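Down below is the structure, laid out as structure tokens.
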Amino acid sequence: KSFIFAFSIRQSTFKEISSRTMRRQVLLFSLVLHLSTVLGQISYSIPEEMSSGSLVGNIAQDLGLDIKRVKSGKARVYTGDGVGYIELNTERGVLLIKDRIDREAICRQTTPCALHFQIILENPMEFYSITVEITDINDSPPTFEKNEVSFKISESAVIGATFGLDRAIDLDVGKNGLQNYELKPTDNFILKRNSQGDGTEKVEMVLQKHLDREKEDIISLVLTAFDGGDPQMSGTIRISITVLDANDNAPVFTQSTYTATVLENAPIGTIVTGVAASDADYGTNCRIKYSITNSLDQAHALFQIHEDSGEIRLIGNIDYEKMQNYHINIRASDDGGLTDSCKVIVEVVDINDNKPAINIMSKLNMISEHSKMSTVVAMINVQDPDSKNGKVQCFINDNTPFVLKSTSNNFYSLVTDSEIDREKASDYNITVTCSDEGVPSLSSSVTLTLQISDVNDNAPVFERSSYEAYIVENNTPGLSIFTVKARDADWNQNARVSYILEDSSVNGVPVSSYVSVSADSGVIQAVRSFDYEQIKDFHFRVKAQDGGSPPLSSNVTVKVMIQDQNDNPPQVLYPVQTGGSLVAEMVPRSADVGYLVTKVVAVDVDSGQNAWLSYKLQKATDRALFEVGLHNGEIRTIRGVTDKDAVKQRLTVIVEDNGQPSRSATVIVNVAVADSFPEVLSEFTDYTQDKEYNDNLTFYLVLALAVVSFLFITCLVVIISVKIYRWRQSRVLYHSNLPVIPYYPPRYSDTLGTGTLPHVYNYEVCRTNDSRKSDCKFGTVGSQNVLIMDPSSTGTMQLMQNEKNILDEPDSPVEVRSFIFTGVMILIMIQWRNTLFNLLCFLNELYTEGVCSHILLNFEWRLRKSPRKKGRLNFGWLLPFLLFFPCLNHIVCRHITEIKVT
-8 KSFIFAFSIR QSTFKEISSR TMRRQVLLFS LVLHLSTVLG QISYSIPEEM SSGSLVGNIA
52 QDLGLDIKRV KSGKARVYTG DGVGYIELNT ERGVLLIKDR IDREAICRQT TPCALHFQII
112 LENPMEFYSI TVEITDINDS PPTFEKNEVS FKISESAVIG ATFGLDRAID LDVGKNGLQN
172 YELKPTDNFI LKRNSQGDGT EKVEMVLQKH LDREKEDIIS LVLTAFDGGD PQMSGTIRIS
232 ITVLDANDNA PVFTQSTYTA TVLENAPIGT IVTGVAASDA DYGTNCRIKY SITNSLDQAH
292 ALFQIHEDSG EIRLIGNIDY EKMQNYHINI RASDDGGLTD SCKVIVEVVD INDNKPAINI
352 MSKLNMISEH SKMSTVVAMI NVQDPDSKNG KVQCFINDNT PFVLKSTSNN FYSLVTDSEI
412 DREKASDYNI TVTCSDEGVP SLSSSVTLTL QISDVNDNAP VFERSSYEAY IVENNTPGLS
472 IFTVKARDAD WNQNARVSYI LEDSSVNGVP VSSYVSVSAD SGVIQAVRSF DYEQIKDFHF
532 RVKAQDGGSP PLSSNVTVKV MIQDQNDNPP QVLYPVQTGG SLVAEMVPRS ADVGYLVTKV
592 VAVDVDSGQN AWLSYKLQKA TDRALFEVGL HNGEIRTIRG VTDKDAVKQR LTVIVEDNGQ
652 PSRSATVIVN VAVADSFPEV LSEFTDYTQD KEYNDNLTFY LVLALAVVSF LFITCLVVII
712 SVKIYRWRQS RVLYHSNLPV IPYYPPRYSD TLGTGTLPHV YNYEVCRTND SRKSDCKFGT
772 VGSQNVLIMD PSSTGTMQLM QNEKNILDEP DSPVEVRSFI FTGVMILIMI QWRNTLFNLL
832 CFLNELYTEG VCSHILLNFE WRLRKSPRKK GRLNFGWLLP FLLFFPCLNH IVCRHITEIK
892 VT
């Protein structure tokens, strides 16, 4: 599409302005906009000499870009190393004239004349190629290099002789360029224009009338050059002709056109070529001088011709990139004023003397490590002004996640080619190297430094998969136990690690009450003082969390091992030390050497060598009789027991652990050297109990005994009431005159006269598997429920008949049921009381054992001395037996258990 905008301002209100000035102001400027989308390029056409700030075109609209995109993309004009004549107004999205444009200064005679630049946008990176064609206006008049030129012409010059004139130079092109010449006056000479093969014209002055020196020896002419512009502009040169005597032969060049080549880096003084002309005249009229006339390419400033020899030398530096060839106009003139001209075309040979120029159009200084593939990092333009040697190949250094892609001719984009990991490389120095194909090849390089911004993509990692820490018990709260350390491969805030104690519990208690973790350093500190005997080790988890968003974390298990200290003395388990009773080990007088009296059992709640126990005999009534095993605590005899040895032996055994410093405990072992229990009893009757009992336990024990006794008496009253009620019912049967059949239950036995004792006793003896440890603990009456009867049934029946008690009849069913019911109730009460006494004995075993021991001793004494009525059950001694039999059962069972443990 093409759009032509014409802006005209007519000045019709100012009548005092001349018509010439009016015509110049009628057309202020003409803007021709040409929009082309071929190959992604935008082209504009503007006239030269537009004022600064003039509109070139609405680039945003033409490219289909929004003004917001132009602003956010930081759009700018990139011209490489050229001069910026065009600027971009990002507020309006238009291109404006930055500096005055002179087409002749930029392009000289080259047509068309255009400015090439790029529009660069960022985020994302884009660029557009822009071409602005500069059209010529008639702002330069034709000019001659000299204001005046002189000729010497012989009067004998023939009609038709030609004389070369200096050409006018018009920097404008096209119709604004040089169009016509005019020579005045034309009395003797006319103007002749001949076209040359390179598009230029040769202007010659032709003699049309013989000269007559006698009439006019000097002729003055004016040559005027005109352009085709509107308004038309012109330039003049004065021609002075001196009429000489006859010289009828002009110089003639051997060639009309000469060609030569020269290297662009040829040094000054290099001979380029030579020209030659000949003159058929003789004498001074054949002496030829050579000179260079003016040319458009300023050849006279680079080349010099020797006026006598015609040798052309280089007097300046030539550059192929600036000019590829030169056209030199040579004139040969003799002394008679006759001339001839020729052209020398000098071709400049290109050499590889220019390195590729790398221009960074746009680049990023930092890129995220999570950038997508093919993200544009930089845009590069490469230029090599050489010709055949100007073909360029670009590449970057290896082992980088980037690749250089060619987007168009001499334009490259540096893009990401693989994933970027800042933890592997935090920055990259990317070297772009471009080489041409010259011989030798020339190259240039540029290094781009690209920083990689961090993304929180790495969780903290602990130095170990798990930790074990040790701390000695009884530590001071706040003591540092251990330090956990985690590292984060990220950077800055993302690598800042904080340590957090995860919520958990140890034996039902929050772990935060055991330890704490420093959030910054990871130091684990003890919150409390640890006791090895309560807890030997515990686990918890520590979480390491970084400062990223969102944060990443990892955790590790820490096991804290409590190390033991010797802070507990040994504890004696056996023999049990009581405050209110005496426990004695019996040794028969027949015991041999090595007889095991008892064993001291002790434990130490510490561990390791702190729990290694040793036993020593500290004091003894007779040190020569007993010894204690150093490691097992066994008390054995070291000689045979004799009758002279005291019955009552008292041993003090000290138990020590192996800690540093060591701790100890002592135990007193009472040993009775006797063969029978009564002998021991008589020996220990003077034993006085310790009166410092526990008041609370004594109160509860007495209260329990009183309650149980009250319940038992209540049950007994109920039983007796039932029996009396049944006895009254049986009296009715007695008065009914029914026959009574005697009945003798099998539980009656005749023992009178056959035994040596008036009563039968059963003794229960508890013994161990070790014959050396046998012991008689306590004895009980076992036959109290056996009725001793007279073998004469007659006497017995008579006694019952005299008392007329039908309930005492041995064959009475009522009596049998009564006894069975009574026995069942007594057994239930015994079992219930047994459970209660076991509970009380568990609460205060030592106290209960002492009380029960004395109760049993008193019970045995009462058993021996209690009166018994003949033929009747004595419930007076049965009551204490029922009350304290569970205590006896508990003590015996406990001693059996201790023996098994030993």
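All residue numbers for the sequence shown refer to the numbering used here, where the first residue is -8 and numbers rise by one. All residues carry an ideal CB built from backbone N, CA and C; glycine is no exception. Just so we're clear, the structure is a prediction, and the values are computed from it rather than from any experiment.
Minimum Cβ-Cβ distance from residue 554 to chain D less than 8 angstroms: Here chain D cannot be found, since the structure has a single protein chain.
Three CB pairs or more closer than 8 angstroms across the segment 304 to 319 and the segment 154 to 166: Under the Cβ criterion (8 angstroms, minimum of three pairs), the segment 304 to 319 does not count as touching the segment 154 to 166.
Euclidean distance between Cα positions of residue 632 and residue 663: Here residue 632 refers to the residue found at position 641 of the sequence shown. Here residue 663 refers to the residue found at position 672 of the sequence shown. Cα to Cα, the separation comes out at about 12 angstroms.
Between the CA atoms of residue 35 and residue 84 - distance to the nearest angstrom: By 1-based counting over the sequence shown, the position of residue 84 is 93. By 1-based counting over the sequence shown, the position of residue 35 is 44. When only Cα atoms are considered, residue 84 and residue 35 end up about 15 angstroms apart.
Close beta carbons around residue 347, own chain, < 6 angstroms, minus the five adjacent residues each side: In the sequence shown, residue 347 corresponds to position 356, counting from 1. Excluding sequence neighbours, residue 347 sits near 373, 375, 383, 425, 427 and 435.
Residue interval of the alpha helix (DSSP H) (run including residue 218): Sequence index remark: in the sequence shown, residue 218 carries index 227 (1-based). Careful: residue 218 lies outside any alpha helix (DSSP H), inside the beta strand (DSSP E) at 209 to 218.
Span of the beta strand (DSSP E), counted from its first residue to its last, around residue 418: In the sequence shown, counting from the first residue as 1, residue 418 sits at position 427. Note, residue 418: beta strand (DSSP E), 418 to 427.
For residue 622, three-class secondary structure by DSSP: The residue given as residue 622 occupies position 631 in the sequence shown. DSSP places residue 622 in coil when its eight states are reduced to three.
Secondary structure, beta strand (DSSP E): runs of 3+ residues fully inside the segment 459 to 492: The segment 459 to 492 contains these whole beta strand (DSSP E) runs: 471 to 474 and 489 to 492.
Separation of residue 285 from residue 146, as counted between CA atoms: Here the question's residue 146 lines up with position 155 in the sequence shown. Here the question's residue 285 lines up with position 294 in the sequence shown. Here the alpha carbon of residue 146 sits roughly 28 angstroms from the alpha carbon of residue 285.
Three-state secondary structure (DSSP) of residue 355: As a working mapping, residue 355 is identified with position 364 in the sequence shown. DSSP places residue 355 in coil when its eight states are reduced to three.
Start-to-end residues for the alpha helix (DSSP H) that takes in residue 63: Within the sequence shown, residue 63 is the residue found at index 72, counting from 1. Counting along the chain, the unbroken alpha helix (DSSP H) around residue 63 starts and ends at 58 to 63.
Euclidean distance between Cα positions of residue 412 and residue 356: Position 421 of the sequence shown, counted from the start, is the residue given in the question as residue 412. Position 365 of the sequence shown, counted from the start, is the residue given in the question as residue 356. It is roughly 16 angstroms from the alpha-carbon of residue 412 to the alpha-carbon of residue 356.
Status (buried if at least 16 other CB within 10 Å, exposed otherwise) for residue 271: Stepping through the sequence shown from its first residue, residue 271 is reached at position 280. Residue 271 should be labelled exposed.
Cα-Cα separation, residue 314 to residue 360: The residue labelled residue 314 in the question sits at position 323 within the sequence shown. The residue labelled residue 360 in the question sits at position 369 within the sequence shown. Between residue 314 and residue 360, the C-alpha separation is close to 49 angstroms.
Span separating the alpha-carbon of residue 579 from that of residue 695: Position 588 of the sequence shown, counting from 1, holds the residue named residue 579. Position 704 of the sequence shown, counting from 1, holds the residue named residue 695. Inter-residue distance for residue 579 and residue 695 is about 39 angstroms (C-alpha atoms, whole angstroms).
Simplified DSSP state of residue 662, which is helix, strand or coil: If you number the sequence shown from 1, residue 662 lands on position 671. Looking at residue 662 - three-state DSSP - the assignment turns out to be strand.
Residue 895 versus residue 615: straight-line alpha-carbon distance, rounded: Coverage of the chain is limited to positions -8 through 893, which leaves residue 895 absent and any answer about it impossible.
Span separating the alpha-carbon of residue 403 from that of residue 55: Within the sequence shown, the letter at position 412 stands for residue 403. Within the sequence shown, the letter at position 64 stands for residue 55. Cα to Cα, the separation comes out at about 24 angstroms.
Residue 53, enclosing alpha helix (DSSP H) - first and last residue: Counting from 1 along the sequence shown, the entry for residue 53 is found at position 62. Segment 50 to 54, the alpha helix (DSSP H) holding residue 53.
Range of the contiguous alpha helix (DSSP H) that encloses residue 94: Here residue 94 refers to the residue found at position 103 of the sequence shown. First-last of the alpha helix (DSSP H) with residue 94: 94 to 98.
C-alpha distance - residue 606 paired with residue 628, whole-angstrom precision: As a working note, residue 606 is residue 615 in the sequence shown. As a working note, residue 628 is residue 637 in the sequence shown. When rounded, the separation of the alpha-carbon atoms in residue 606 and residue 628 is 15 angstroms.
Rounded separation between residue 894 and residue 198 - CA only: The chain is shown only over -8 to 893; residue 894 falls outside these bounds and no answer can be derived.
Contact belief for residue 349 with residue 371 at Cβ below 8 angstroms, rounded distance in angstroms: Stepping through the sequence shown from its first residue, residue 349 is reached at position 358. Stepping through the sequence shown from its first residue, residue 371 is reached at position 380. The pair is a contact, with the Cβ atoms about 6 angstroms apart (cut-off 8 angstroms).
Cβ pair residue 613, residue 640 closer than 8 angstroms: Here residue 613 refers to the residue found at position 622 of the sequence shown. Here residue 640 refers to the residue found at position 649 of the sequence shown. Yes.
Rounded straight-line distance, which links the Cα of residue 210 to that of residue 377: Locating residue 377 in the sequence shown gives position 386, counting from the first residue. Locating residue 210 in the sequence shown gives position 219, counting from the first residue. A straight-line Cα-Cα distance of about 52 angstroms links residue 377 and residue 210.
Span separating the alpha-carbon of residue 774 from that of residue 702: Here residue 774 corresponds to residue number 783 of the sequence shown, with the count starting at 1. Here residue 702 corresponds to residue number 711 of the sequence shown, with the count starting at 1. The predicted position of residue 774 is uncertain, since its pLDDT is 34 and thus under 50; no value can be drawn from it.
Cβ-based neighbour list, residue 484, same chain, cut-off 6 angstroms, excluding 5 preceding and 5 following: Here residue 484 refers to the residue found at position 493 of the sequence shown. Excluding five sequence positions before and after residue 484, the CB atoms of its chain that fall closer than 6 angstroms to its own CB belong to 538, given in chain order.
According to DSSP, residues forming a beta bridge with residue 455: Taking the first residue of the sequence shown as position 1, residue 455 is located at position 464. Residue 455 pairs with nothing; no bridge assigned.
Supposed contact pair residue 327 and residue 235 - C-beta distance, whole angstroms, cut 8 angstroms: In the sequence shown, residue 235 corresponds to position 244, counting from 1. In the sequence shown, residue 327 corresponds to position 336, counting from 1. Beta-carbon to beta-carbon, residue 235 and residue 327 are separated by about 6 angstroms, close enough to satisfy the 8 angstroms threshold.
Cα-Cα separation between residue 310 and residue 136, rounded to whole angstroms: Along the sequence shown, read from residue 1 onward, the residue named residue 310 stands at position 319. Along the sequence shown, read from residue 1 onward, the residue named residue 136 stands at position 145. Each residue's alpha carbon lies about 24 angstroms from the other.
Where residue 242 falls, given that 16 or more other Cβ within 10 Å makes a residue buried: Within the sequence shown, numbered from 1, the residue matching residue 242 stands at position 251. A buried status is given to residue 242, since no fewer than 16 other beta-carbon atoms sit within 10 Å of its beta-carbon.
Residue 265 (DSSP reduced to helix, strand or coil): By 1-based counting over the sequence shown, the position of residue 265 is 274. Looking at residue 265 - three-state DSSP - the assignment turns out to be strand.
CA-to-CA distance, residue 714 to residue 736, given in whole angstroms: Here residue 736 refers to the residue found at position 745 of the sequence shown. Here residue 714 refers to the residue found at position 723 of the sequence shown. In this prediction, residue 736 has a pLDDT of 42, which is less than 50 and means its spatial position is unreliable; nothing more can be read from the coordinates.
Check whether residue 214 and residue 227 have beta carbons under 8 angstroms apart: Within the sequence shown, the letter at position 223 stands for residue 214. Within the sequence shown, the letter at position 236 stands for residue 227. The answer is yes: Cβ separation under 8 angstroms.
Cut-off 6 angstroms between Cβ atoms - residues of its own chain near residue 96, not counting five sequence neighbours on either side: Counted from its first residue, the sequence shown places residue 96 at position 105. Residues of the same chain with a CB within less than 6 angstroms of the CB of residue 96, apart from the 5 flanking positions on each side, do not exist.
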